[in-house]
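Asker: Quick one: the structure is below, and I'll ask about it shortly.
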Amino acid sequence: MADSTIDEAYERISRTGPERAGWLSNHAPMAAESLVRAGRADLVHRWLDGYADRMEERPRGIARIAVDQWRDPLGDPVRTGDWLRYFERELADEPWRDVLVRWWPRLLPGIAAGATHGVIRVGHAVRALLDAETPARVTELGQGLAYWAARWQPLAPAGAGPYGSDDPRAALDAVPRVPDQRYGIRHRLAQLADLPDWPASAAAVPRAEQTDPAVRLAAVVDAAVLRVGTHGHGDTIMLVHSATAPNAVLRTLPALPRRLWPASLAAGWAATAAVTAAYAPAVGRPAPVAGPGLDPDSVLSRAVATGDPHAIKFADTAVDTFRRGGDRAALATAAQVATDLADD
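Residue numbers in the sequence shown follow our numbering, run continuously in steps of one, and reach 1390 at the last position.
This is the structure in structure tokens:
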């Protein structure tokens, strides 16, 4: 049932665009995949029905993007329809893994695309494809890649030094805050280039004891999950992306050759640091405490009950963190996020 449900959901979503109201992301494919993964496949179509008024028609194209002329329209949201058609052609002609491997290093420098929703959507699609290759899942990967390409947005560059931190939590604490926090993410990320401490923070890819980039990246995700518990009140919706964006990269690594893993680690960390700089409050709050009976199933149920796609996706990521290390603080954080978003 789960397999057919996600394919049915993707087929419904494929007729819609990646955004609404000009720039707000379509969360339907990401939330649907998380629901199926959480064992809630029976809720997917009902959830999509409730979300239907937040989905718009798929945008039309302007002009065909030639294979050797992709650089100019990169990052141009007006060309979203053209990018959707471009990746339809790419994936019709080649295996999805080949397309992903070719485009991943092209897109990775623009990881801030769509407030990181481009890479998050791709990460969910890849996880579904690694379970089973179906036409609907290949189509969804193409739509995720197209959205990322259309909204491609690079961050201010990192410094050139070696990895600077053994502790991802300490590295997050050292990330500077952007001074003007009155407007949206594009305005905030534009300020990173003017922060003297940003290059060092962006280069401080936290190390784990092992040298495997996947292990390092998992440590980044885990630290970001827990930090949402103490700093998520600054802007819960935006700060959950400090964890879900690197987790999307982590979920994609098994489909990539290992030569692309170091750059993926660096980009995943940069996304976490950038969202932290843009939205984390100066002062944290006490970490939430995991009460008795709190387990992955109850946490996912709380998130699903909110109906909020950010709560659902964050719970999905927090459960990954819990299952890696058994830290119940991750579950408590996901429960807190669900409460915060339900109150909103």
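C-beta: ideal position from N, C-alpha, C; glycine also.
I'd like the list of long-range same chain contacts for Ala1159, defined as Cβ closer than 6 Å, with 5 residues on each side in sequence excluded.
Answerer: Mapped onto the sequence shown, residue 1159 falls at position 113. These residues qualify, in order along the chain: Trp1194, Arg1197, Trp1198 and Gln1199.
Asker: Once you ignore the five residues that flank Asp1268 on each side, which residues in its own chain have a CB closer than 6 Å to its CB?
Answerer: Taking the first residue of the sequence shown as position 1, residue 1268 is located at position 222. The residues are Thr1367.
Asker: Taking Cβ to Cβ, would you say Thr994 is nearer than 8 Å to Pro1064?
Answerer: It is not possible to answer for residue 994, since the shown part of the chain is limited to 1047 through 1390.
Asker: For the alpha helix (DSSP H) holding Gly1280, just list the boundary residues, first then last.
Answerer: Position 234 of the sequence shown, counted from the start, is the residue given in the question as residue 1280. It is not in any alpha helix (DSSP H) - Gly1280 carries neither H nor E in the DSSP assignment.
Asker: Roughly how many whole angstroms lie between the Cα atoms of Val1266 and Thr1276?
Answerer: What you label residue 1266 is simply residue 220 of the sequence shown in a count that begins at 1. What you label residue 1276 is simply residue 230 of the sequence shown in a count that begins at 1. Rounded to whole angstroms, Val1266 to Thr1276 spans 16 Å at the Cα level.
Asker: Compare the Cα-Cα distances from Trp1142 to each of Ala1249, Arg1167 and Glu1186 and report the closest residue.
Answerer: Taking the sequence shown and counting its residues from 1, the one referred to as residue 1142 is at position 96. Per the Cα distances, Glu1186.
Asker: For the alpha helix (DSSP H) containing Tyr1193, name the first residue and the last one.
Answerer: Counted from its first residue, the sequence shown places residue 1193 at position 147. Residues Pro1181 to Ala1196.
Asker: If you compare alpha carbons, which of Thr1062, Ala1055, Ser1050 and Trp1069 is closest to Gly1230?
Answerer: Translated into the one-based positions of the sequence shown, residue 1230 becomes position 184. Closest by alpha carbon: Trp1069.
Asker: To the nearest angstrom, report how far apart Ser1060 and His1233 are at their CA atoms.
Answerer: As a working note, residue 1060 is residue 14 in the sequence shown. As a working note, residue 1233 is residue 187 in the sequence shown. Each residue's Cα considered, the two are about 30 Å apart.
Asker: Can you tell me the Cβ-Cβ gap for Asp1213 and Pro1252, rounded? I've got them flagged as a contact below 8 Å.
Answerer: As a position in the sequence shown, residue 1213 is number 167, starting the count at 1. As a position in the sequence shown, residue 1252 is number 206, starting the count at 1. With a Cβ gap of about 6 Å, Asp1213 and Pro1252 count as contacting.
Asker: For my contact list, Ala1294 and Val1168 are in at a C-beta cut-off of 8 Å; report their separation, rounded to the angstrom.
Answerer: As a position in the sequence shown, residue 1294 is number 248, starting the count at 1. As a position in the sequence shown, residue 1168 is number 122, starting the count at 1. Sure, about 7 Å apart at Cβ, within 8 Å.
Asker: Out of curiosity, what's the CA-to-CA distance linking Ala1067 and His1356?
Answerer: Here residue 1067 refers to the residue found at position 21 when the sequence shown is read from its first residue. Here residue 1356 refers to the residue found at position 310 when the sequence shown is read from its first residue. Distance between the alpha carbons of Ala1067 and His1356: 18 Å.
Asker: Check the Cβ-Cβ distances between Arg1305 and every residue of chain B, and say whether any is below 8 Å.
Answerer: The structure shown contains no chain B; it is built from a single protein chain.
Asker: So, at 7 Å on beta carbons, what are the nonlocal neighbours of Leu1238 in its own chain, with the 5 sequence-adjacent residues on each side left out?
Answerer: Your numbering for residue 1238 matches position 192 in the sequence shown. For Leu1238, where only same-chain residues beyond five positions count, the Cβ hits under 7 Å are Leu1201, Ala1202, Val1224, Trp1244, Ala1320 and Ala1323.
Asker: Under three-state DSSP, which class holds Ser1071?
Answerer: Locating residue 1071 in the sequence shown gives position 25, where the first residue counts as 1. Strand, per DSSP.
Asker: What does the Cβ neighbour count give for Gln1189, buried or exposed, with the cut at 16 atoms within 10 Å?
Answerer: By 1-based counting over the sequence shown, the position of residue 1189 is 143. So Gln1189 counts as buried.
Asker: So, does the segment 1346-1360 touch the segment 1074-1089, judging by three or more C-beta pairs under 8 Å?
Answerer: With a cut-off of 8 Å, the segment 1074-1089 and the segment 1346-1360 count as touching, because enough Cβ pairs lie within range.
Asker: Exposed or buried, Glu1179, counting other C-beta atoms within 10 Å across all chains shown (16 or more means buried)?
Answerer: Stepping through the sequence shown from its first residue, residue 1179 is reached at position 133. So Glu1179 ends up on the exposed side.
Asker: Apply the 10 Å Cβ neighbour rule to Met1047 and answer buried if 16 or more other Cβ atoms are within range, or exposed otherwise.
Answerer: The count along the sequence shown starts at 1 and reaches residue 1047 at position 1. For Met1047, the pLDDT reaches just 47, beneath the cut-off of 50, and the residue's location in the model is therefore unreliable, although a value from the coordinates is still provided. Met1047 should be labelled exposed.
Asker: In chain order, what residues of the same chain lie with their CB nearer than 6 Å to the CB of Leu1377, ignoring the 5 residues before and after it?
Answerer: For the purposes of this step, residue 1377 is taken as the residue at position 331 of the sequence shown. These residues qualify, in order along the chain: Ala1336, Leu1340, Val1345 and Phe1368.
Asker: Does Thr1318 pass the burial test, meaning 16 or more other C-beta atoms within 10 Å, or should it be called exposed?
Answerer: The residue labelled residue 1318 in the question sits at position 272 within the sequence shown. With 16 or more Cβ atoms within 10 Å of its Cβ, Thr1318 is classed as buried.
Asker: On a CA-only basis, which of Ile1358, Trp1307, Ala1204 and Trp1129 is nearest Ala1289? Give me that one, please.
Answerer: To locate residue 1289, count along the sequence shown from 1; it is residue 243. Ala1289 has its Cα closest to that of Ile1358, out of Ile1358, Trp1307, Ala1204 and Trp1129.
Asker: Using the C-alpha atoms, what's the distance from Ala1260 back to Trp1307?
Answerer: Indexing the sequence shown from 1 puts residue 1307 at position 261. Indexing the sequence shown from 1 puts residue 1260 at position 214. Straight-line Cα distance between these residues: approximately 7 Å.
Asker: Count the other C-beta atoms from every protein chain shown that fall within 10 angstroms of the C-beta of Gln1382, then say buried if there are 16 or more, exposed otherwise.
Answerer: Position 336 of the sequence shown holds residue 1382. Its Cβ being crowded by 16 or more others within 10 Å, Gln1382 is buried.
Asker: Do Phe1360 and Pro1333 count as a contact pair if the criterion is CB distance below 8 Å?
Answerer: One-based indexing of the sequence shown puts residue 1333 at position 287. One-based indexing of the sequence shown puts residue 1360 at position 314. The question names Pro, but residue 1333 in the sequence shown is Ala. The answer is no: Cβ separation not under 8 Å.
Asker: With DSSP collapsed to three states, give me the class of Arg1215.
Answerer: Along the sequence shown, one-based indexing puts residue 1215 at 169. The answer is helix: DSSP assigns Arg1215 an H, G or I state.
Asker: Whose C-beta lies closer than 8 Å to the C-beta of Arg1370 among residues of the same chain, with five residues either side of it excluded?
Answerer: Taking the sequence shown and counting its residues from 1, the one referred to as residue 1370 is at position 324. Here the set comprises Ala1264 and Asp1268.
Asker: Using alpha carbons as the reference points, say which of Ala1206, Leu1285, Val1329 and Leu1299 lies closest to Ala1171.
Answerer: For the purposes of this step, residue 1171 is identified with residue 125 of the sequence shown, where counting begins at 1. For the residues Ala1206, Leu1285, Val1329 and Leu1299, the minimum Cα distance to Ala1171 belongs to Leu1299.
Asker: In the structure shown, what three-state DSSP assignment does Met1047 receive?
Answerer: As a first step, residue 1047 must be located in the sequence shown, where it is residue number 1. Summary for Met1047: the model assigns pLDDT 47, below 50, so the residue's position carries little reliability, and this model does not support an answer.
Asker: I need the DSSP call for Ile1052, collapsed to helix, strand or coil.
Answerer: Taking the sequence shown and counting its residues from 1, one reaches residue 1052 at position 6. If DSSP states are grouped into helix, strand and coil, Ile1052 belongs with the helices.
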